[in-house]
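Report on the structure given below.
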């Protein structure tokens, strides 16, 4: 997470101020429950909310205490007690620092998820708008970077829409996975704290109680969360790569918006480069890489060790802030993407008629030619187009073996572009529920 | 995937014979639908099932053809046509090889998932049985590898049970994600094949139609699948690590079953090593590593390229076969685990009474001592136990500052073991629905 | 490692037969040294070489013994003793199985390295030949996939040559790193075996003695080895990606050789796809992924655990076999690459004159225009070329602000192609030592 | 990189101020060479050094310009020109922004390497000191976490010393790999800038000229650099894991220094946890993860794309700062490690005499018993020690089959501890060159 690739709303989730506020709320809600159970005085719980709730925590001061205690939660509690006064001794009763840390992390990750879900919704909206705009914009479909058969630019965007819809669903699952609360005390036995406290705090924070924690919330949950972010990042890379390809000088079927005053190169003033999608490609690599330490974090020793902590202090902010930025940047790229339908047609016709080779193949087999022979016939004419720049239709019409199997009119009919787009509506209905 | 770490049922899914059989079925089901639509003769579809269904595909012969065509599906179709005869020209009409390959991969991965789900069920059963067996077997809970507070061995196993229940649910999601069928032709436009064919084949094979494919089934699905396997592997590593720790010479609270005739070391005949769980740790590293190329596979170029193929030819079998083997091995380890409750108690009492330090701390704060002072009082007595092997209770009773705050009887009461296990039933009910 | 992507010479290194032969040699060389030291009878060492050396080890039989002992080296020694007779008891004196396993692994990895080094040499030769062939073949250099300035195809290949020269040097380092021999007995103390034995065996096998082993050869060595393979794989991916780009339909400046009889697509007979380089891209992903478990293997517990073993049984063969295949395939791609200089020129001139924008910029600044103004002047004319297909030179000549700063002849002179290739010889001399 | 895990000297390398200063120096040195070549006025070069060298670059102002130009180097040059005045137009002549960025990155990485090398030297010194201190401190060697045979604590540290010596050498190689300078202009052809400029700047900055760049310095160099850091991090993890094991409550052979005032747990005042080495374990996971995007960065498109940039803006600082912090923390842990030789002996004798099993095995084979029988005899007595807590020597002496092969005195002699440490000097000489 570096300022260059960060947005303030997501960054705020990870600030010390936010963290301390969440810690306070966890402790204070726990006090409410403890007071209800008669473990601590009701008046104390009230005082804690009033004095602690009004406190402005001093990050520097807390850091100062931590330098002595070498324990962050103890440092915070010591600082908090200065505001609360003698009733502070009722705070954290029977709890362990992981109760606070892990539940806080759950709150932060669910908030981060909510922003990411909104990001995906924004991207989906942009993709849908542009997909319908270009539903009928014919372009060549490519496999292996080689012209295959016609499709439409709208279908390309529909594919991205479907992919990010899946990503959304995965993120919903991942959010559910990490949205648990643990207030179960040392080694998770509830020896010193009643399970009711956990239920109460969970409810107040919009989480579910962790069925069985071992002092910590088990890290398979977080592994699933961060690997899911890695998969979403990979989908971003896919769409970014598509745009980078389309903007290549020789292709130029689409282009990132180039703003007035923008400079593409310090040396070459003619340059207009797909720098945003290249940047997204790199950011995707980063988010993906965070999946690994998250998975390595799962095998904590016995009931818990603290090796996961340094990892999460880094990837918690890094993964969510970077993905938020990337989703938002991608949305803006899609929203403002310059699309060049004329170039799409020009490119498709570069090798004249070649994209219709399959239809001729199928027609030949339908006319009784074996698949192997039909393939050979079509391929030998197609190669002349590749190698000598010939016109495919003309070559076919001049090939006796072809014309003896298929009448000329039938051959010509196979070069109809509309044939390839007749199911675009079907696809749109499947993806968007409408066409 | 190497024989040493493979089980036959999972290996069979990935054999050439199985693959060709699935390819055949995809083609034959597609022919049924094409015949229904009147695209090919009904009789042809029947012949294809009869002659192709009875054929014994010759893997060597197909490989031989591929050496010329450099295309696996074409090689197969050529071979198939030798069995089917002239009607073979009706096979693969309007389809592209990815329709066959990707749908086949989906069938293989769903079958693999079913085996893995059964594996997890077996593991869950073993964990549940041993958890209830040791529900009340008291053992020390450890954080940072250091004694913390008492828990039971059953609670440890309940934690593993809960973790693998989550893994099961994740695998169900992952299975759903890859269980789609694409029969959409070149670049996925259905230009040469009616969407009905896809629906028919999907239904017959227990898959869902891919809403929008681009010749290939999008690889974000597979990325999610293989990262999910990586997370499951990480959970295996966690449990394996726990057992390795428990078997350490100084701990020896549990031990892998050591069979008659087994030798632990070529040099040292006294050795009994946790080799199975160490092996599981290594296997987990492998399964986890496959998540990466799976994520890198997502960003195929344009409608598709073939870079994913070599990766999937390797990780398809490797990840599923290795995980199947690992789950099965772990189940057997749990099933036959030797558990030593006496050693558990002996270890817990190594530092006499130390595990009760929190209770004394809480009692002091309840008695009006500030949290900071209480901590200091308890810590100074605890350190004597660590450093000089003293008895914690005796030290506390000899500490005037402590006894002036708490009567002796109260202090003694804090050393009751039962206090720590009183919520084991609650935990079991949460995890197993029963206690 | 799957047959499809394997070459026999490398596969042979990893066969059980090879492994058992190396094990035998390690034991027999150790016996020579032990006999020299008087620990075992000279006659016994002789018998071991004679009878063991002539033995044909039965892999199945050894596996059968292992099923009982659950220990591979013990199974082998038991089998070996059947050939050697009573003198077999002198084998493995004071050694531990890791001495055999780790030293054998070192022998296998050094042999694998030698093949890989030869592979790289082959690739370098191909790159050099084609680089000199196309030293003066002008083509456009591209940054961001966008035309930048002219270069030559030979320079592109020189870059690849330099990169693989570095890879070669890295592999030499990596080979050195793993070429050590450990015969140090249990926990590496030489308690039961004199260090001389290690020195002797190391010398015979072309290895260096491991300065301090802990029963195992430390795994940081292997981590360095496999990460180095991952970097080499990444360089393969770079060159493969370049070729994939050059073969795109709209670019078509180079093309993988397409053999007679080859079929590019089951559906579209016109297709010629860069399937080899796409395949290399996927293989690179695999080799790269093996770096991870290799790094995770480093932190073995205490003197050693066996978690590394399952990983190495898989990645030892997988990484070396796959990389060998990939290097060989890449060499063949380069050797037979079809290069289209005419298309290179045609592409370069697609946006007429645009590639000369920097020279005009520099000339303007040289003529006294500020950098900011010069940039603005050049950019505004360049944009007309991008957007309206104008001719860059004509636009400049029609721009008063430009011509007032630079005489027409000077502007025209900036469009000289030769200007860009004047240092090609310098570059070739740096890379190849000749031009 | 987060403040918690950062040290100021390394952080300073990555500050905007440092970066802009290096950019300036690259530009100014290039001007010197250009002036020498007569391309720009000598006076201009002098002015640039004087006015630019005295300038205090305003990071905020530069960022402001970048928001318009969307190009960081152009923003900097614009800002610089305000200080330099009209001569600023001679800056950056014939250069491209990558010349500045990549050469600057090389300078930053070499400076970072120098700090890391000093860190390793510090760690080596600490390891050596403690190794000699504990050269003869007998402790049990463990394989699989199970007691094996005696060794000394000094030998353990010697192993770590040897490992970090290798890491040091690898880092020297890695530093060399990235210490190159590219001043070759757009697409690296030197069209607009003489190779002499590159040579001059390289020399001034302590770098070597990049033999052939393609506008960018090839990223295989950086991949090798960051993977090397990943391997070093893995070695840190190994040593950290060893200490975590030794500090386990049941082992307690060594312990991280616990400072006065430190608190191990908010709930349990008795706790002393190995939090520093656990923290190092997590940091190692992070540094290791950065190897991946670094390898994915290699395959830039054509002469270059900018996808590597966002990755490097993150991992450049993150990897070096985190590794610097980790090495320094590990050094401090080793320096102050509390070592408990008494506990080491107590642990070794936990299973009475078991660690001598191999010697008895060897003695039996020497006495003519077959290896298989000897193994059986020793194992059956050893198992009584494991399972019933018997004394190994007594059991052997009571076993007729054993005593009939070996006289009692011979058996007793096998229990001599000194036998195992007789080669410690040899090992120390190998590792440290002295003993």
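Residue numbers (this note's numbering), protein chains in the order written: chain A, 1 to 435; chain B, 1001 to 1435; chain C, 2001 to 2435; chain D, 3001 to 3435. Beta carbons: idealized from backbone N, C-alpha and C, even for Gly.
**Prompt:** Do residue 468 of chain A and residue 1303 of chain B have their C-beta atoms closer together than 7 Å?
**Reply:** Past the boundaries of the shown model lies residue 468 of chain A; chain A is included only from 1 to 435, so the question cannot be answered.
**Request:** Specify the secondary structure class of residue 254 of chain A as computed by DSSP and reduced to three states.
**Result:** Correct three-state label for residue 254 of chain A: strand.
**Message:** Quick check on residue 2145 of chain C: buried or exposed, where buried means 16 or more other Cβ atoms within 10 Å of its Cβ?
**Reply:** So residue 2145 of chain C counts as buried.
**Prompt:** Going along the region 343-357 of chain A in order, which residues come within less than 7 Å of chain B, judged by CB to CB distance?
**Reply:** Within the region 343-357 of chain A, no residue has a Cβ that lies closer than 7 Å to any Cβ of chain B.
**Prompt:** Mapping DSSP to helix, strand and coil, what is residue 1274 of chain B?
**Reply:** The answer is coil: DSSP assigns residue 1274 of chain B none of H, G, I, E or B.
**Asked** Hey, is residue 431 of chain A's beta-carbon within less than 7 Å of any beta-carbon in chain B?
**Response** Output row for residue 431 of chain A: interface = yes.
**Request:** Return yes when the Cβ of residue 2321 of chain C is within less than 7 Å of the Cβ of residue 2149 of chain C, no when it is not.
**Result:** Contact flag unset, no.
**Prompt:** Whose C-alpha, out of C:2386, C:2419, C:2378, is nearest the C-alpha of residue 2400 of chain C?
**Reply:** The candidate whose alpha carbon is nearest that of residue 2400 of chain C is C:2378.
**Prompt:** Under 7 Å between C-beta atoms, does residue 89 of chain A make it to chain B?
**Reply:** Cβ-Cβ to chain B under 7 Å: yes for residue 89 of chain A.
**Request:** Would you mind listing the alpha helix (DSSP H) stretches within the region 2068-2122 of chain C that are 4+ residues and don't spill past its ends, in chain order?
**Result:** At a cut-off of 4 residues, the continuous stretches assigned as alpha helix (DSSP H) that sit fully inside the region 2068-2122 of chain C are 2072-2084.
**Request:** Using a Cβ-Cβ cut-off of less than 9 Å, list which residues of the region 213-231 of chain A approach chain B; keep chain order.
**Result:** Residues of the region 213-231 of chain A that bring their beta carbon within less than 9 Å of a beta carbon in chain B comprise 213, 214, 215, 216, 218, 219, 220, 221, 223, 224, 227, 228, 230, 231, in sequence order.
**Prompt:** Do residue 1207 of chain B and residue 1228 of chain B have their C-beta atoms closer together than 7 Å?
**Reply:** Contact flag unset, no.
**Request:** Run down chain E in chain order and give the residues with a C-beta less than 8 Å from the C-beta of residue 2292 of chain C.
**Result:** Structure shown: chain E not included; protein chains present are A, B, C and D.
**Request:** Kindly indicate which residue of C:2414, C:2278, C:2253 has the alpha-carbon position closest to the one of residue 2153 of chain C.
**Result:** It is C:2253.
**Asked** Going along the region 3011-3027 of chain D in order, which residues come within less than 9 Å of chain C, judged by CB to CB distance?
**Response** Of all residues in the region 3011-3027 of chain D, none has a C-beta nearer than 9 Å to a C-beta of chain C.
**Request:** Tell me residue 1962 of chain C's beta-bridge partners as DSSP assigns them.
**Result:** Outside the displayed range of chain C (2001 to 2435) lies residue 1962 of chain C, so it cannot be described from this structure.
**Request:** Mind the definition here: the region 3258-3276 of chain D touches the region 182-189 of chain A only if three or more C-beta pairs lie below 8 Å; say whether that holds.
**Result:** Taking one beta carbon from each stretch, the region 3258-3276 of chain D and the region 182-189 of chain A have 3 or more pairs nearer than 8 Å; the two touch.
**Prompt:** Just the Cα atoms here: how many angstroms apart are residue 3250 of chain D and residue 1233 of chain B?
**Reply:** Going by the C-alpha atoms only, they are around 29 Å apart.
**Prompt:** So, are the CB atoms of residue 2392 of chain C and residue 2385 of chain C less than 7 Å apart?
**Reply:** Contact: yes.
**Message:** Judging by CA-CA distance, which residue of A:344, A:394, A:308, A:123 is the nearest neighbour of residue 216 of chain A?
**Reply:** The candidate whose alpha carbon is nearest that of residue 216 of chain A is A:308.
**Item:** Beta bridge counterpart(s) of residue 2146 of chain C as assigned by DSSP
**Value:** The partner list for residue 2146 of chain C (beta bridge, DSSP) reads C:2143.
**Closest by C-alpha distance to residue 3127 of chain D, when choosing among D:3155, D:3105, D:3136** = For the residues D:3155, D:3105, D:3136, the minimum Cα distance to residue 3127 of chain D belongs to D:3155.
**Request:** Give a yes or no on whether the C-beta atoms belonging to residue 1269 of chain B and residue 3370 of chain D are separated by under 7 Å.
**Result:** Cβ atoms of residue 1269 of chain B and residue 3370 of chain D: not closer than 7 Å.
**Item:** Within 7 Å, strictly: CB atoms of residue 2105 of chain C and residue 2177 of chain C
**Value:** At a Cβ-Cβ threshold of 7 Å, residue 2105 of chain C and residue 2177 of chain C do not count as neighbours.
**Prompt:** So residue 296 of chain A and residue 272 of chain A are in contact, right, with Cβ under 8 Å, and what is the actual spacing, rounded?
**Reply:** Taking C-beta atoms under 8 Å as the contact rule, residue 296 of chain A and residue 272 of chain A fail to qualify, at a distance of about 42 Å.
**Asked** Do we get a CB-CB distance below 7 Å when we pair residue 3074 of chain D with the residues of chain A?
**Response** Closer than 7 Å: yes.
**Asked** Any idea what DSSP makes of residue 2426 of chain C, helix, strand or coil?
**Response** Three-state result, residue 2426 of chain C: helix.
**Assumed close pair residue 1123 of chain B, residue 1361 of chain B - CB separation to whole angstroms, cut-off 8 Å** = Wrong, their Cβ atoms sit about 39 Å apart, outside the cutoff.
**Request:** Determine, using beta carbons only, whether residue 3278 of chain D comes closer than 7 Å to chain A.
**Result:** With 7 Å as the cut-off, residue 3278 of chain D counts as an interface residue toward chain A.
**Item:** Local conformation of residue 3016 of chain D per DSSP, three classes
**Value:** In the three-state reduction of the DSSP assignment, residue 3016 of chain D falls in the helix class, which pools H, G and I.
**Between the CA atoms of residue 1368 of chain B and residue 1340 of chain B - distance to the nearest angstrom** = Cα-Cα distance, rounded: 41 Å.
**Message:** If the cut-off is 9 Å on Cβ atoms, which residues from the region 1084-1113 of chain B count as contacting chain A, listed in chain order?
**Reply:** Result list: 1086, 1088, 1089, 1090, 1091, 1092, 1093, 1094, 1096, 1098.
**Item:** Contiguous beta strand (DSSP E) assignments of at least 3 residues, all confined to the region 169-223 of chain A
**Value:** Counting whole runs of 3 or more residues, the region 169-223 of chain A contains no beta strand (DSSP E) stretch at all.
**Request:** State the CB to CB distance for the pair residue 274 of chain A and residue 1163 of chain B, rounded to an integer number of angstroms; the pair is presumed to be in contact (CB under 8 Å).
**Result:** Their Cβ separation, rounded to whole angstroms, is 43 Å, which puts residue 274 of chain A and residue 1163 of chain B out of contact at 8 Å.
**Short Cβ contact (7 Å threshold) for residue 3244 of chain D with residue 3277 of chain D** = The Cβ atoms of residue 3244 of chain D and residue 3277 of chain D lie closer than 7 Å to each other.
**Request:** For residue 1131 of chain B, decide whether its Cβ has a neighbour in chain A, counting only Cβ atoms nearer than 7 Å.
**Result:** Judged by the 7 Å Cβ criterion, residue 1131 of chain B is not in contact with chain A.
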